[in-house]
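Okay, structure first, notes after.
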Amino acid sequence: MPKKELTTDFQELFSAIDELEREYKIEREYIYSVLESALLTAYKQVRGIRDKNLSNVKVSIDPEKGDVKIFEYKKVVENVKDKRNEISVEDARKIDKRYQIGDIVAIEVPISDFSRKAAMTVRQTVIGKIREKKRNIIFEDYSAKIDNIVTGVIQRIDKKNVIVEIEGGKVEAILPMEEQIPGEEYKPGTMMKFYLVDVRIPPKEKEPIVYLSRTHPNLIKRLMENEVPEIQEGIIEIKGIAREAGSRSKVAVYSNSLKVDPVGACIGEKGIRIQNVLRHLGSEKIDIVKWSNDIGEFIKNALSPAEVVHIDLNLVEKKAFVLVPNDQLSLAIGKGGQNARLAAKLTGWKIDIKGK
């Protein structure tokens, strides 16, 4: 490969270093070391060298000029016995008449001497190592964000999966069909909040795959943490979430302070806090209920907005027999049994509801 062509590749690499360092935290020193290693490998290929010892060969990198050079350092001797490490005094003085026996001569190896194959090896090695580093950095960064919220922009639908651009285009993530809210539209260009479920590097994939969810109960948990300072401060705890994504959820909350009403704090003045959560969830509704270590009380709260008249508990079978006014029976059970179903899921008890 001509020297000019290879040098241009180096210039392109150097011009990309700032972006690689800024966007992916790939240190420029790492890129220089990869380039140096690749050039030394190509040098060995050109020279037909098999052993690992290249102590007399150095790579000079000048990123400001976009310049890369390779030098062989040879000792000036009267009679050459080791061509790799020695140069005759006659040949040394052809370079500079001042050389004396015992001096070290730096001899530039023109990169234009590299075969096309060797030059391609340099390019592929550098690109491969940078991709590997980028992949590992992305994997580590997003592994640390598992169980948290990320903001993304819908890109396209691919085989029923929604492809989402997150972190300003740095990564494309997948919202699998089973993690999508039923009936929710995913139009390209729409910005949404997602729960980050997992990050994996499948065997045949070059890049990590980030998996998102819109249905996970912890999406609600993280949204509430962002909106309710008392949760962040540990005054209020979220004890449990029962969710039927896109329709309705129940969230059990508890206050560690007698001065703070957990339900009121989560709803906020004029409902502003819960509304800020709901605006990220489409048409889904959320019931905030007070948690209690008295299971009977907790079940009553979980069945709200219905009023419970009486409750009997079977502690062995973890089953509750609940009586409500006849005019509230349908409210207690809910449309399609949803209210009772969510209350049972939230409390972990079977609930049998009858009217009185």
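Residue numbers for the sequence shown follow UniProt numbering, beginning at 1 and rising by one.
Cβ coordinates follow ideal geometry from the N, Cα and C atoms, glycine included.
Do you know offhand how far residue i's Cα is from residue j's?
i: residue 207; j: residue 13; result: 20 angstroms
i: residue 323; j: residue 254; result: 25 angstroms
i: residue 74; j: residue 105; result: 5 angstroms
i: residue 8; j: residue 21; result: Its pLDDT being 41, under 50, residue 8 is placed unreliably by the model, and the measurement read from it follows with that caveat. Each residue's alpha carbon lies about 20 angstroms from the other.
i: residue 157; j: residue 33; result: 40 angstroms
i: residue 137; j: residue 172; result: 15 angstroms
i: residue 125; j: residue 38; result: 6 angstroms
i: residue 163; j: residue 185; result: 13 angstroms
i: residue 111; j: residue 166; result: 41 angstroms
i: residue 284; j: residue 260; result: 26 angstroms
i: residue 24; j: residue 168; result: 12 angstroms
i: residue 263; j: residue 30; result: 52 angstroms
i: residue 223; j: residue 316; result: 36 angstroms
i: residue 120; j: residue 135; result: 22 angstroms
i: residue 149; j: residue 196; result: 6 angstroms
i: residue 210; j: residue 107; result: 49 angstroms
i: residue 41; j: residue 122; result: 8 angstroms
i: residue 349; j: residue 279; result: 31 angstroms
i: residue 201; j: residue 70; result: 37 angstroms
i: residue 91; j: residue 115; result: 25 angstroms
i: residue 132; j: residue 336; result: 51 angstroms
i: residue 187; j: residue 147; result: 25 angstroms
i: residue 130; j: residue 56; result: 27 angstroms
i: residue 368; j: residue 282; result: Examination of residue 368 is not possible in this model, given that the chain is present from 1 through 356 alone.
i: residue 97; j: residue 139; result: 56 angstroms
For the ligand NAP, is there any heavy atom lying closer than 7 angstroms to the beta carbon of residue i?
i: residue 228; result: This structure lacks the ligand NAP; in fact it carries no ligand of any kind.
Apart from the five residues on each side of it in sequence, which residues of its chain come closer than 6 angstroms, Cβ to Cβ, to residue i?
i: residue 329; result: 355
i: residue 331; result: 306
i: residue 240; result: 252 and 346
i: residue 245; result: 181 and 215
i: residue 191; result: 153
i: residue 6; result: Only weak support is given to the placement of residue 6: the predicted model assigns it a pLDDT of 44, under 50, and the question is left unresolved by the model.
i: residue 35; result: 126
i: residue 68; result: 10 and 61
i: residue 237; result: 254
i: residue 175; result: 162, 164 and 212
Buried or exposed: which applies to residue i, given that a residue is buried once 16 or more other Cβ atoms fall within 10 Å of its Cβ?
i: residue 199; result: buried
i: residue 152; result: buried
i: residue 290; result: buried
i: residue 219; result: buried
i: residue 314; result: exposed
i: residue 15; result: exposed
i: residue 3; result: At residue 3, the pLDDT of 40 sits below 50, so the modelled position is not reliable and the matter cannot be decided from this model.
i: residue 249; result: buried
i: residue 287; result: buried
i: residue 221; result: buried
i: residue 95; result: exposed
i: residue 101; result: exposed
In chain order, what residues of the same chain lie with their CB nearer than 7 angstroms to the CB of residue i, ignoring the 5 residues before and after it?
i: residue 309; result: 323, 324, 325 and 356
i: residue 27; result: 21
i: residue 257; result: 235
i: residue 292; result: 298 and 301
i: residue 351; result: 299, 320, 322, 340, 343 and 344
i: residue 265; result: 228, 230 and 236
i: residue 18; result: none
i: residue 268; result: 274
Considering only residues of the same chain and omitting the five flanking positions on each side of residue i, which have a CB-CB separation below 8 angstroms?
i: residue 338; result: 244, 247 and 248
i: residue 117; result: 45
i: residue 128; result: none
i: residue 296; result: 311, 313 and 320
i: residue 89; result: 76, 77, 78, 99, 100 and 101
i: residue 318; result: 348, 349 and 350
i: residue 103; result: 75, 76 and 92
*If we count Cβ pairs, one from each stretch, closer than 8 angstroms, do we get three or more for the stretch 208 to 221 versus the stretch 178 to 195?*
yes
_Any beta strand (DSSP E) of 3 or more consecutive residues that is wholly inside the stretch 1 to 58_ = The qualifying runs do not exist here; there are none.
*asked:* Extract the residue ranges of the beta strand (DSSP E) inside the UniProt domain "S1 motif" (147 to 215), only unbroken runs of 3 or more that lie entirely within it.
replied: 149 to 158, 161 to 166, 171 to 175, 191 to 200 and 209 to 213
*Scan the stretch 237 to 277 and note each continuous alpha helix (DSSP H) run of 4 residues or more that stays entirely inside, going in chain order.*
262 to 267
*Are there three or more Cβ pairs, one per stretch, closer than 8 angstroms when the stretch 219 to 230 is compared with the stretch 254 to 273?*
Touching, yes, given that three or more Cβ pairs across the two stretches are closer than 8 angstroms.
*Any chance you could list the alpha helix (DSSP H) runs of at least 4 consecutive residues sitting entirely within the stretch 114 to 145, in chain order?*
116 to 143
*Pick out the complete beta strand (DSSP E) segments inside the stretch 280 to 316, 3 residues or longer, and give them in chain order.*
Counting whole runs of 3 or more residues, the stretch 280 to 316 contains the beta strand (DSSP E) stretches 285 to 290 and 310 to 314.
*Flag this pair as touching only if the stretch 57 to 65 and the stretch 138 to 147 have three or more C-beta atom pairs under 8 angstroms; answer yes or no.*
Judged by Cβ distances under 8 angstroms, the stretch 57 to 65 makes no contact with the stretch 138 to 147, as fewer than three pairs qualify.
*Between the stretch 85 to 95 and the stretch 43 to 54, do three or more beta carbon pairs fall short of 8 angstroms?*
no
_Whole runs of the beta strand (DSSP E) within the stretch 68 to 96, excluding any shorter than 3 residues_ = 86 to 88, all fully within the stretch 68 to 96.
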